[in-house]
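Numbering (my numbering), first residue to last: 4 to 231. Yeah, the Cβ is synthetic: ideal placement off N, Cα and C, and Gly gets one too. Report on the structure given below.
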Amino acid sequence: MRGVSTLVVVLMLSASLTGCFGDDPAPPEPEEEGLPAGWFVTGGDGLPVDVEALNLSFVFSNVGEDGAEPSIGITSSGCMFFTAFEKVMRSCDYGQTWDHMNSIWQHPSTSDPWLWVDPVTDRIFDVQMVGLLTTWIAWSDDDGLNWLGNPHDSGPIPLNDHIKLGSGPWTDDGYGLAGGLTSSVYETAVYFCYNKGIGIFCYTSFDGGASFEVGGLVFGLVTTNGGL
(Lines of atoms letter the chains of each structure in order from A and count residues from 1; the text may use other names and numbers.)
(Lines give C-alpha, C1' and ligand atoms only; values in the text may rest on other atoms or scores of the structure.)
Protein backbone atom coordinates (compact mmCIF):
# COMPACT_ATOMS: atom_id res chain seq x y z
CA MET A 1 0.00 0.00 0.00
CA ARG A 2 2.88 2.30 0.80
CA GLY A 3 4.30 1.67 -2.66
CA VAL A 4 1.05 2.70 -4.26
CA SER A 5 1.01 5.97 -2.30
CA THR A 6 4.58 6.73 -3.34
CA LEU A 7 3.67 6.12 -6.99
CA VAL A 8 0.71 8.52 -6.77
CA VAL A 9 2.92 11.24 -5.27
CA VAL A 10 5.50 10.77 -8.04
CA LEU A 11 2.83 11.01 -10.71
CA MET A 12 1.42 14.19 -9.17
CA LEU A 13 4.86 15.80 -8.98
CA SER A 14 5.54 14.83 -12.59
CA ALA A 15 2.29 16.43 -13.74
CA SER A 16 2.99 19.65 -11.86
CA LEU A 17 6.52 19.90 -13.24
CA THR A 18 5.50 19.28 -16.83
CA GLY A 19 4.38 22.91 -17.24
CA CYS A 20 7.63 24.21 -15.78
CA PHE A 21 9.87 22.48 -18.28
CA GLY A 22 7.52 22.62 -21.28
CA ASP A 23 7.31 25.47 -23.87
CA ASP A 24 5.17 28.38 -22.73
CA PRO A 25 2.52 29.57 -25.22
CA ALA A 26 3.68 32.55 -27.29
CA PRO A 27 2.18 35.85 -26.15
CA PRO A 28 -0.21 37.51 -28.63
CA GLU A 29 1.49 39.86 -31.05
CA PRO A 30 0.78 43.51 -30.24
CA GLU A 31 -1.58 45.18 -32.66
CA GLU A 32 0.05 47.80 -34.82
CA GLU A 33 -1.36 51.25 -34.25
CA GLY A 34 -2.82 52.69 -37.39
CA LEU A 35 -5.78 54.39 -38.97
CA PRO A 36 -9.19 52.71 -38.93
CA ALA A 37 -10.16 50.67 -41.94
CA GLY A 38 -11.01 52.91 -44.87
CA TRP A 39 -8.97 55.86 -43.59
CA PHE A 40 -5.84 57.10 -45.37
CA VAL A 41 -3.63 60.18 -45.56
CA THR A 42 -2.06 61.43 -48.77
CA GLY A 43 0.72 63.87 -49.53
CA GLY A 44 0.76 66.71 -52.00
CA ASP A 45 1.30 64.24 -54.83
CA GLY A 46 -1.82 62.26 -53.93
CA LEU A 47 0.14 59.18 -52.79
CA PRO A 48 -0.37 57.61 -49.33
CA VAL A 49 1.97 58.82 -46.56
CA ASP A 50 2.62 57.25 -43.16
CA VAL A 51 1.67 60.15 -40.90
CA GLU A 52 -0.92 60.66 -38.21
CA ALA A 53 -4.28 61.88 -39.44
CA LEU A 54 -5.49 65.30 -38.34
CA ASN A 55 -8.12 65.30 -35.64
CA LEU A 56 -10.88 67.01 -37.60
CA SER A 57 -14.47 67.65 -36.63
CA PHE A 58 -17.22 68.58 -39.07
CA VAL A 59 -20.33 70.68 -38.52
CA PHE A 60 -23.36 70.70 -40.80
CA SER A 61 -24.18 74.14 -42.22
CA ASN A 62 -27.48 74.69 -43.99
CA VAL A 63 -26.90 77.22 -46.75
CA GLY A 64 -30.55 77.48 -47.68
CA GLU A 65 -29.92 77.04 -51.41
CA ASP A 66 -30.03 74.14 -53.83
CA GLY A 67 -26.88 73.42 -55.82
CA ALA A 68 -25.94 70.52 -58.05
CA GLU A 69 -22.26 69.70 -58.59
CA PRO A 70 -20.99 72.43 -56.23
CA SER A 71 -17.36 73.56 -56.13
CA ILE A 72 -15.79 75.14 -53.07
CA GLY A 73 -12.82 77.45 -52.57
CA ILE A 74 -11.27 79.46 -49.73
CA THR A 75 -9.38 82.74 -50.02
CA SER A 76 -6.50 83.77 -47.77
CA SER A 77 -8.91 85.95 -45.78
CA GLY A 78 -10.67 82.79 -44.61
CA CYS A 79 -13.87 83.42 -46.58
CA MET A 80 -15.39 80.31 -48.16
CA PHE A 81 -17.15 80.28 -51.52
CA PHE A 82 -19.21 77.71 -53.37
CA THR A 83 -21.70 77.57 -56.20
CA ALA A 84 -25.41 77.01 -55.64
CA PHE A 85 -26.27 76.69 -59.33
CA GLU A 86 -25.81 80.23 -60.74
CA LYS A 87 -25.35 81.79 -57.30
CA VAL A 88 -21.97 82.24 -55.63
CA MET A 89 -22.41 81.84 -51.87
CA ARG A 90 -19.93 83.25 -49.35
CA SER A 91 -19.30 82.68 -45.67
CA CYS A 92 -16.68 84.61 -43.70
CA ASP A 93 -17.67 83.24 -40.27
CA TYR A 94 -16.62 79.59 -40.68
CA GLY A 95 -19.87 78.55 -42.33
CA GLN A 96 -22.30 79.87 -39.74
CA THR A 97 -24.00 82.24 -42.19
CA TRP A 98 -23.99 82.44 -46.00
CA ASP A 99 -24.62 85.33 -48.40
CA HIS A 100 -25.35 85.43 -52.13
CA MET A 101 -22.52 87.53 -53.58
CA ASN A 102 -22.86 87.76 -57.36
CA SER A 103 -25.46 89.28 -59.66
CA ILE A 104 -27.71 87.30 -61.97
CA TRP A 105 -26.76 89.79 -64.71
CA GLN A 106 -23.28 88.26 -64.83
CA HIS A 107 -24.74 85.17 -66.46
CA PRO A 108 -28.30 84.67 -67.71
CA SER A 109 -28.57 81.04 -66.59
CA THR A 110 -26.55 77.96 -65.79
CA SER A 111 -26.58 74.30 -66.66
CA ASP A 112 -23.21 73.34 -65.17
CA PRO A 113 -21.58 75.51 -62.46
CA TRP A 114 -17.87 75.64 -61.64
CA LEU A 115 -15.92 77.69 -59.10
CA TRP A 116 -12.18 78.14 -58.68
CA VAL A 117 -10.14 80.22 -56.23
CA ASP A 118 -6.62 80.99 -57.40
CA PRO A 119 -4.43 80.10 -54.38
CA VAL A 120 -1.78 82.63 -55.43
CA THR A 121 -3.85 85.72 -56.25
CA ASP A 122 -7.13 85.00 -54.38
CA ARG A 123 -9.07 85.67 -57.59
CA ILE A 124 -12.45 83.92 -57.46
CA PHE A 125 -13.68 82.50 -60.76
CA ASP A 126 -17.39 81.88 -61.23
CA VAL A 127 -17.77 79.77 -64.38
CA GLN A 128 -21.28 79.03 -65.62
CA MET A 129 -22.18 76.94 -68.64
CA VAL A 130 -25.06 78.59 -70.53
CA GLY A 131 -26.82 75.74 -72.26
CA LEU A 132 -24.46 73.93 -74.62
CA LEU A 133 -23.51 77.00 -76.60
CA THR A 134 -21.17 79.04 -74.46
CA THR A 135 -19.73 79.56 -70.98
CA TRP A 136 -19.83 82.71 -68.92
CA ILE A 137 -16.64 83.38 -66.92
CA ALA A 138 -16.79 85.97 -64.14
CA TRP A 139 -14.14 86.86 -61.56
CA SER A 140 -13.72 88.85 -58.36
CA ASP A 141 -10.59 90.16 -56.65
CA ASP A 142 -12.21 91.44 -53.43
CA ASP A 143 -13.84 88.39 -51.84
CA GLY A 144 -16.88 88.57 -54.09
CA LEU A 145 -17.90 92.19 -53.51
CA ASN A 146 -17.38 93.20 -57.15
CA TRP A 147 -17.33 91.10 -60.32
CA LEU A 148 -16.24 91.37 -63.94
CA GLY A 149 -17.12 88.81 -66.60
CA ASN A 150 -17.10 87.79 -70.25
CA PRO A 151 -18.72 84.99 -72.21
CA HIS A 152 -16.36 82.43 -73.72
CA ASP A 153 -17.54 81.40 -77.19
CA SER A 154 -17.11 77.68 -77.73
CA GLY A 155 -17.04 78.04 -81.51
CA PRO A 156 -19.35 77.08 -84.36
CA ILE A 157 -20.05 73.55 -83.09
CA PRO A 158 -22.84 73.91 -80.51
CA LEU A 159 -21.41 71.83 -77.69
CA ASN A 160 -19.65 72.93 -74.54
CA ASP A 161 -19.88 70.52 -71.59
CA HIS A 162 -17.99 69.39 -68.46
CA ILE A 163 -16.35 72.79 -68.05
CA LYS A 164 -13.22 73.07 -65.90
CA LEU A 165 -11.09 76.10 -65.01
CA GLY A 166 -7.90 76.20 -62.96
CA SER A 167 -4.69 78.17 -62.56
CA GLY A 168 -1.03 77.48 -61.95
CA PRO A 169 2.48 78.92 -62.17
CA TRP A 170 4.07 79.70 -65.50
CA THR A 171 6.68 77.18 -66.63
CA ASP A 172 9.88 77.44 -68.64
CA ASP A 173 8.36 75.35 -71.44
CA GLY A 174 5.57 76.00 -73.87
CA TYR A 175 4.11 79.43 -73.08
CA GLY A 176 6.88 80.28 -70.61
CA LEU A 177 8.21 83.27 -72.54
CA ALA A 178 4.76 84.74 -73.12
CA GLY A 179 3.88 84.00 -69.53
CA GLY A 180 6.94 85.87 -68.34
CA LEU A 181 6.04 88.88 -70.45
CA THR A 182 2.44 88.94 -69.21
CA SER A 183 3.08 88.07 -65.56
CA SER A 184 2.78 91.75 -64.75
CA VAL A 185 -0.82 91.55 -65.99
CA TYR A 186 -1.69 88.44 -64.01
CA GLU A 187 0.68 86.35 -61.92
CA THR A 188 -0.47 82.85 -62.87
CA ALA A 189 -1.61 81.04 -65.99
CA VAL A 190 -5.34 80.36 -66.18
CA TYR A 191 -6.56 77.28 -68.07
CA PHE A 192 -10.07 76.55 -69.29
CA CYS A 193 -11.14 73.16 -70.69
CA TYR A 194 -14.40 71.61 -71.85
CA ASN A 195 -15.78 68.60 -73.69
CA LYS A 196 -16.97 69.30 -77.22
CA GLY A 197 -18.08 65.79 -78.11
CA ILE A 198 -15.44 65.39 -80.81
CA GLY A 199 -12.72 65.88 -78.19
CA ILE A 200 -11.38 67.91 -75.30
CA PHE A 201 -10.51 71.55 -75.86
CA CYS A 202 -8.22 73.53 -73.55
CA TYR A 203 -7.20 77.19 -73.67
CA THR A 204 -4.68 79.39 -71.85
CA SER A 205 -5.32 82.91 -70.61
CA PHE A 206 -2.49 85.43 -70.27
CA ASP A 207 -4.67 88.08 -68.63
CA GLY A 208 -6.19 86.30 -65.65
CA GLY A 209 -9.18 84.75 -67.40
CA ALA A 210 -10.39 87.85 -69.24
CA SER A 211 -9.64 86.19 -72.60
CA PHE A 212 -8.47 82.80 -73.86
CA GLU A 213 -6.65 83.27 -77.15
CA VAL A 214 -4.30 80.27 -77.20
CA GLY A 215 -5.42 76.63 -77.28
CA GLY A 216 -7.56 74.10 -79.05
CA LEU A 217 -8.11 70.36 -79.32
CA VAL A 218 -5.82 68.41 -76.99
CA PHE A 219 -4.71 64.77 -76.89
CA GLY A 220 -3.24 62.38 -74.35
CA LEU A 221 -4.01 61.78 -70.69
CA VAL A 222 -6.51 64.62 -70.48
CA THR A 223 -8.82 62.78 -72.89
CA THR A 224 -9.19 59.66 -70.71
CA ASN A 225 -12.18 58.72 -68.52
CA GLY A 226 -14.72 59.64 -71.17
CA GLY A 227 -13.59 63.25 -71.36
CA LEU A 228 -14.87 64.07 -67.89
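- Using a Cβ-Cβ distance cut-off of 8 Å, the segment 162-172 and the segment 141-150 are not in contact, since fewer than three pairs of beta carbons, one from each stretch, lie closer than that value.
- Residue burial annotation: residue 163 is buried, with at least 16 other C-beta atoms found within 10 angstroms of its C-beta.
- Within the model, the alpha-carbon separation for residue 102 versus residue 190 is close to 29 Å.
- Counting only residues of its own chain and dropping the five nearest sequence neighbours on each side, residue 150 has a CB closer than 6 Å to the CB of 105, 109, 141, 143.
- Scanning its chain for C-beta atoms nearer than 6 Å, with the 5 sequence neighbours on each side dropped, one finds around residue 73 the residues 85, 86, in chain order.
- Here residue 133 is buried, its C-beta having at least 16 other C-beta atoms within 10 Å.
- In the DSSP annotation of this structure, residue 99 is not part of any beta strand (DSSP E), being labelled neither H nor E.
- For residue 172, the CB contacts under 8 Å within the same chain, skipping 5 residues up- and downstream, are 123, 191, 192 in chain order.
- Taking C-beta atoms as the reference points, residue 128 and residue 119 count as a pair closer than 8 Å.
- In the DSSP assignment, residue 127 falls within the beta strand (DSSP E) that extends over 127-133.
- Distance from the Cα of residue 222 is smallest, within the candidate group 201, 153, 82, 76, for 201.
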